[in-house]
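So the sequence lines, in the order shown, correspond to chains Z and C.
Numbering-wise, the first sequence is residues 6 to 207 according to our numbering.
Numbering-wise, the second sequence is residues 12 to 260 according to our numbering.
For reference, the structure discussed in these notes is given below.
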Amino acid sequence: ENSKRAIIQKMDTILALKGDGFVMMAADCSSARSILVFSQTQDKIKVLDDSKLLGQSGPQCDTANFSEYIQKNMTLYELNNNMKLSTHATAHYMRRELATALRKGPYQTNILLGGYDEKAGESLYFIDVYSALVKVNFGVHGHASNFLLSVFDREWKEGLSVDQALDVVRKCVAELRTRFLIAQPNFIIKVVDANGVRLVEL
Amino acid sequence: MARRYDSSTTTFSPDGRLHQVEYAIEAINNAGTAVGILAKDGIVLAGEKNKPSNLLAPSKGPEKMYKIDDHLTTVVAGLTADANILINNARINAQRYIYTYQEPMPVEQLVEKVCNYKQAYTQYGGLRPFGVSFLFAGWDEYHGYQLYMSDPSGNYSGWKATCIGQNNQAGKNLLKNDYEENLTIDAAMKLAVKVLVKSMDATTASADKLEFCIMTTDGDKVIQRIVPEADVTKILEEVALETASEGDM
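Here's what the structure looks like:
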């Protein structure tokens with residue numbers, strides 16, 4: 006077994022929370038390997054389509070490969086069937102692919118999938134490297150989860166507005182800046198709702 | 012004179028036809044009639060059972076109706092042995108979809124999958140086409156109630172009401188005249204009975220020769236019900252009464 010792959014990276018911070026009719030997702034922008042930082046402007050939140058956000062942590066070889074594979078298959082589905090996959094179907098499709106790959110050639114990627122569907126409304130799915138899937142109100146991946154889950158436990162409630170959600174994200178970033186060893190100067194924040202996907206300033 | 016080009020499915024005739032496919036479609040015109048009708052809040056499927064001998068053991072379940080999945084069912088007209096292969100194929104495809112997406116397969120996608128499978132037998136392999144036509148009835152959250160007809164060529168089309176099998180032309184004419192949009196399930200059932208009575212060989216239609224399946228929903232849950240023989244008898248009587256007094260001024 007490739008010992009390099011056995012070490013699971015947890016340096017990327019990906020977090021997300023559900024609000025009233027939207028899902029807000031944030032990620033740090035550092036792209037690094039060992040002690041070297043490649044970039045501080047890496048966008049880890051992929052816009053899968055105009056109603057879904059895919060936040061991924063892990064080495065880019067796996068995250069890029071996996072997300073592109075999923076996205077192209079989703080486009081193929083849309084062309085063949087004249088309809089988009091729902092967030093629920095997408096999450097389970099991803100999980101199935103990850104689970105199949107798990108005992109063949111695993112993808113080292115943690116996922117947060119946030120989406121808005123006309124019928125189901127806002128939904129957020131948490132999938133980890135072992136392809137465990139849970140539908141959640143908020144989620145975090147990486148070392149950051151040790152710090153931020155308690156922030157969410159305290160601050161999250163049903164029906165947050167965009168401003169309130171942004172406040173919670175600010176609290177998360179502040180917590181990391183205080184207590185997390187790895188300095189993550191930049192964060193990117195995106196929101197998905199009935200009107201599509203947009204960028205939000207911290 | 013077209014005989015030279017008949018035997019192989021994978022050859023066009025000089026006048027651009029696939030004779031084997033056309034012959035397969037002909038084979039179905041000898042089979043028991045099946046009819047499907049879209050109602051306002053459901054779908055009615057009905058079929059004429061073939062009873063070649065009194066020595067035949069009574070069937071344990073429906074003869075022409077097959078459940079593909081909880082939200083999808085089909086009526087068959089044609090070679091039963093061929094139909095079994097395709098129904099198995101349809102069921103596997105339906106479960107494969109749930110396996111991947113954790114959602115019931117949209118009806119048209121399932122129909123297309125079965126039809127693409129049928130089409131292969133009209134283009135490669137040197138094997139004969141399937142001698143079956145289907146009426147697929149299903150409900151999904153994207154398009155509601157849907158009724159599709161597919162034939163041995165691998166073509167399919169969506170219908171509000173149609174019939175296949177013996178005397179289907181007579182049945183279609185009746186539907187053309189009597190079908191209205193937004194029928195209730197009961198009205199659709201009566202119309203289905205009328206169609207079958209018209210297309211059946213025997214002069215007297217009886218409940219033991221007919222099969223009915225009603226598809227409705229309760230919220231997001233689809234309910235499929237095979238109508239018990241006693242209820243079919245009742246509807247037959249009601250329809251007989253109505254037709255008897257139809258010509259009265």
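The beta-carbon is built from N, C-alpha and C at its ideal position, and this holds for glycine as well.
Using the beta-carbon count (16 or more within 10 Å), is residue 160 of chain C buried or exposed?
buried
Determine the burial state of residue 23 of chain C: buried for a count of at least 16 other Cβ atoms within 10 Å of its Cβ, exposed for fewer.
exposed
What are the partner residues of residue 155 of chain C, as DSSP defines its beta bridges?
C:151
To which residues of the same chain is residue 42 of chain Z closer than 8 Å at the C-beta, ignoring the five residues directly before and after it?
35 and 36
What is the rounded straight-line gap between the Cα of residue 118 of chain Z and the Cα of residue 71 of chain Z?
13 Å
According to DSSP, what are the bridge partners of residue 127 of chain Z?
Z:121
With a threshold of 8 Å between beta carbons, is residue 88 of chain Z in contact with chain C?
yes
Can you tell which of C:45, C:50 and C:117 has the C-alpha that lies nearest to the C-alpha of residue 87 of chain C?
C:45
Quick check: residue 105 of chain C and residue 80 of chain C, are their CB atoms within less than 8 Å of each other?
yes
Does residue 188 of chain Z pass the burial test, meaning 16 or more other C-beta atoms within 10 Å, or should it be called exposed?
exposed
Is there a C-beta anywhere in chain C that falls below 8 Å from the one on residue 6 of chain Z?
Residue placement at residue 6 of chain Z is poorly supported in this model, since its pLDDT is 47, which falls under 50; the coordinates still yield a value, given next. Chain C contact via Cβ: absent.
Taking C-alpha atoms, which residue in Z:25, Z:56, Z:148 and Z:114 lies nearest to residue 92 of chain Z?
Z:56
DSSP on residue 215 of chain C, reduced to helix/strand/coil?
coil
Nearest neighbour of residue 94 of chain Z, chosen from C:114, C:236 and C:34 [CA to CA]
C:114
By Cβ distance below 6 Å, which residues in the same chain neighbour residue 48 of chain Z in space, the five residues on each side in sequence not counted?
193
What is the C-beta distance between residue 26 of chain Z and residue 170 of chain Z, in whole angstroms, given that I count them as a contact (C-beta under 8 Å)?
Going by Cβ atoms, the distance from residue 26 of chain Z to residue 170 of chain Z rounds to 11 Å, so no, they are not a contact pair.
Cβ contact (3+ pairs, closer than 8 Å) linking the segment 107-123 of chain C and the segment 95-105 of chain Z
yes
Residues bridged to residue 227 of chain C [DSSP beta-bridge criterion]
C:234
If you drop the 5 nearest sequence neighbours on each side, which residues of the same chain put their C-beta closer than 8 Å to that of residue 119 of chain C?
154, 157, 159 and 169
Which word fits residue 53 of chain Z, buried or exposed, when buried means at least 16 other C-beta atoms lie within 10 angstroms of its C-beta?
buried
Give me whichever residues DSSP pairs with residue 50 of chain Z in a beta bridge.
Z:60
Between the segment 148-166 of chain C and chain Z, which residues of the former have CB atoms less than 8 Å from a CB of the latter, in chain order?
152 and 153
Residue 6 of chain Z to residue 147 of chain Z span [Cα, whole Å]:
The predicted model places residue 6 of chain Z with a pLDDT of 47, which falls under 50 and marks its position as unreliable; any figure quoted below should be read in that light. Answer to the nearest angstrom: the Cα atoms are 23 Å apart.
So, for residue 84 of chain C: in the same chain, excluding its five sequence neighbours on each side, which residues have a beta-carbon less than 8 Å away from its beta-carbon?
56, 76, 77, 78, 147, 148, 149, 224, 226 and 235
By alpha-carbon positions, which one of Z:84, Z:203, Z:176 and Z:133 ends up nearest to residue 112 of chain Z?
Z:133
Is the Cβ of residue 175 of chain Z closer than 8 Å to any Cβ of chain C?
no
Enumerate in chain order the residues of its own chain whose CB-to-CB distance from residue 106 of chain Z is below 6 Å, with the five nearest sequence positions on each side excluded.
112
Can you name the residues of chain Z whose CB is closer than 9 Å to the CB of residue 117 of chain C?
86 and 88
Hey, does residue 148 of chain Z have any beta-carbon neighbour from chain C nearer than 8 Å?
no
Where does residue 181 of chain Z sit, in a helix, a strand or coil, going by DSSP?
helix
Please state the DSSP three-state secondary structure of residue 23 of chain C.
coil
Judging by CA-CA distance, which residue of C:128, C:251 and C:136 is the nearest neighbour of residue 207 of chain C?
C:251
Distance, residue 53 of chain C Cα to residue 257 of chain C Cα
27 Å
Using beta-carbon positions only, say whether residue 185 of chain C and residue 209 of chain C come within less than 8 Å of one another.
yes
Could you check how far apart the C-beta atoms of residue 241 of chain C and residue 48 of chain C are, in whole angstroms? I think they sit under 8 Å.
Going by Cβ atoms, the distance from residue 241 of chain C to residue 48 of chain C rounds to 22 Å, so no, they are not a contact pair.
Unbroken stretches of the beta strand (DSSP E), 3 residues or longer, contained in the segment 43-131 of chain C:
45-50, 53-59, 76-80 and 83-89
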